[in-house]
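Peer 1:
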Amino acid sequence: MELTGKRLLVTGGAGTIGSHLTERLLEDNEVLVADDLSNGRREWVPHRATFVECDLTNPEEVESVLTEEIDAVIHLAAAKLVDTDAPRRQFEDNTQMTYNLLERAREVGVDEFVFTSSSTVYGEAPSPTPEDYAPLEPISIYGAAKLADEHLLSVYAHSHGMTIWNFRFANIVGSRLRGAVVPDFIEKLRSDPEQLAILGDGHQEKSYMHIDECIDAMKHVIENTSEPMNTYNIGTRTTTSVTRIADIVSEEMGLDPDYEYTGGKRGWTGDIPRMRLSIEKLSALGFTPELSSDDAVRKAARELIEEI
Ligand SMILES: NC(=O)c1ccc[n+]([C@@H]2O[C@H](COP(=O)([O-])OP(=O)(O)OC[C@H]3O[C@@H](n4cnc5c(N)ncnc54)[C@H](O)[C@@H]3O)[C@@H](O)[C@H]2O)c1
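244 is the number of the first residue of the sequence shown in this note's numbering; add one for each residue after it.
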C-alpha cells in the first residue's frame, strides 16, 4: 500500500509510538486519531491530526470513527499491562478492540489494516526467533491477547479479502516512553541518585529498537508488500542486558549508583528473560536498522532525560 494521499485511522495515536507515527504519516496523508487517553496524552497528538477521544472496546464508538471515508486502519491501541494486575481487562479489552475494528472495517469496505503485535507471542523461544517459529506459546496474558488478535487478523485476511500488516515488535524505545525500563531507571535515579533497584538478576537480555527506526521499518514493509497477511518481526540484531541499560542511563545522567537486584531470572511474572527476533525477512525486503540495541537505548535515554 502506498502511504500517500490516504485518509488513515490511527488508533492509540495519543500514545508513545502512535503519536510519533501520526506525525510521520501527516507528511503525506490525513490522519484521524482515536484514543481513550487511558495511557496516551492529548498534547502528544500532532496539531494537524483530527482527534476523537473514544473507547474502542465499545462497538458504537468504533462505528463513529471507522466510516467509509477511511482508506486504511493502523491499530496500535492496546492496554499494555504485561504483569497480572488486570488480566481480564488486558485480555478482553485488547481482543474486543481488535475484533470491533476488523468487523467494522469489513462492514464499511475498508480492506487495508495494520496491527502492532509483539515478540511476546513467541513465549520463551530460541533466539533469534523467525516469524515461522512454532509452537507459539505465550507466557503472559498480554502475549496471549496479541496472539488471539493475530488469529482474528488471519480470518479477515483469508476470508474477507483484507490486506493485513502484522508487526511483531521487539522492545521499542524513544521519547514519550513511560512505564518501561529506561524511563523507570531515570525516575528512580532522580529520586535516589546513589542507589538503583533492578528487577530480576540484571541478566535479562533483550533487543531494543528506537521508535524512529521502528516507524521507518513499518513504512517500508507496508509500502513493499501486498500478501493477504504480511507478518514481520521488527527489531535490531543485537541485545542489551538490564544491567547494561542501568549503566547507559547512569552514564547519561552523570551518576555512579550502587545496583540492588531483586533477584530471579524474570523481572515479573510473564517476563521473558531473553528475546531477540530474527530480522532476516525484514532485511530481505531491503530494510536494515542502523542503530544497535545499545545505541537505541542510549538515544532513548538522552531523549527521556530531557523530557521526564
Ligand atoms: N512499546 C513497545 O515496546 C511495544 C512492543 C511490542 C508491541 N507494542 C504495541 O505497540 C502498540 C503501541 O504501543 P505504545 O508503546 O505506544 O503504547 P501506549 O500505551 O503508549 O499506546 C497505546 C494507546 O492506546 C490507548 N488505548 C488503550 N486502551 C484504549 C481503548 N480502550 N480505546 C482507545 N484507546 C485506547 C492508550 O490511551 C494509549 O494512548 C501497542 O499495541 C503495543 O502493544 C509496543
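Backbone N, C-alpha and C define an ideal beta-carbon position, used for all residues, glycine too.
Give every residue of the same chain whose Cβ lies closer than 7 Å to the Cβ of I465, excluding the five residues on either side of it in the sequence, and list them in chain order.
Peer 2: The residues are M244, L246, V357, W408.
Peer 1: Straight-line CA distance for A329 to A322?
Peer 2: C-alpha separation (whole angstroms): 10 Å.
Peer 1: May I ask whether a heavy atom of ligand 1 can be found less than 7 Å away from the beta carbon of F356?
Peer 2: No, the Cβ of F356 stays beyond 7 Å of every heavy atom of ligand 1.
Peer 1: If you run the structure through DSSP and keep just helix, strand and coil, what is E503?
Peer 2: DSSP places E503 in strand when its eight states are reduced to three.
Peer 1: What residue does the beta strand (DSSP E) around T406 start on, and which one ends it?
Peer 2: Looking at the DSSP string, the run of the beta strand (DSSP E) that includes T406 is 406 to 412.
Peer 1: Three or more beta-carbon pairs under 8 Å between the segment 247 to 258 and the segment 408 to 417, yes or no?
Peer 2: Touching, no, given that fewer than three Cβ pairs across the two stretches are closer than 8 Å.
Peer 1: With hydrogens ignored, establish whether the beta-carbon of D328 is closer than 7 Å to any heavy atom of ligand 1.
Peer 2: No, Cβ of D328 sits at least 7 Å from all heavy atoms of ligand 1.
Peer 1: So, are the CB atoms of S397 and M472 less than 8 Å apart?
Peer 2: Contact: yes.
Peer 1: Sort out for me which residues DSSP pairs Y475 with in a bridge.
Peer 2: BP columns for Y475 point to F410.
Peer 1: Comparing alpha-carbon positions, which option in S536, P289, E346, V364 lies nearest T483?
Peer 2: The shortest C-alpha separation from T483 is found at S536.
Peer 1: Using only the alpha-carbon positions, how far apart do I382 and E303 sit?
Peer 2: Those two C-alpha atoms are separated by around 32 Å.
Peer 1: Determine whether the beta carbon atoms of H403 and R347 lie at a separation below 8 Å.
Peer 2: No, these two residues do not count as a Cβ contact at 8 Å.
Peer 1: So is E311 buried or exposed if we call it buried at 16+ other beta carbons inside 10 Å?
Peer 2: Looking at its Cβ environment, which holds fewer than 16 other Cβ atoms inside 10 Å, E311 is exposed.
Peer 1: On the criterion of 16 or more Cβ atoms from any shown chain inside 10 Å, does N467 qualify as buried, or is it exposed?
Peer 2: Answer is exposed; the Cβ neighbour count stays below 16.
Peer 1: For the candidate residues E456, I488, L344, A543, whose alpha-carbon lies nearest to that of P532?
Peer 2: Ranking the options by Cα distance to P532, first place goes to E456.
Peer 1: Please tell me whether L439 and K431 are closer than 8 Å, where the distance is taken between their beta carbons.
Peer 2: Contact: yes.
Peer 1: If you measure from the CB of D538, is any heavy atom of ligand 1 nearer than 7 Å?
Peer 2: Because no heavy atom of ligand 1 lies under 7 Å away, the Cβ of D538 does not count as near it: no.
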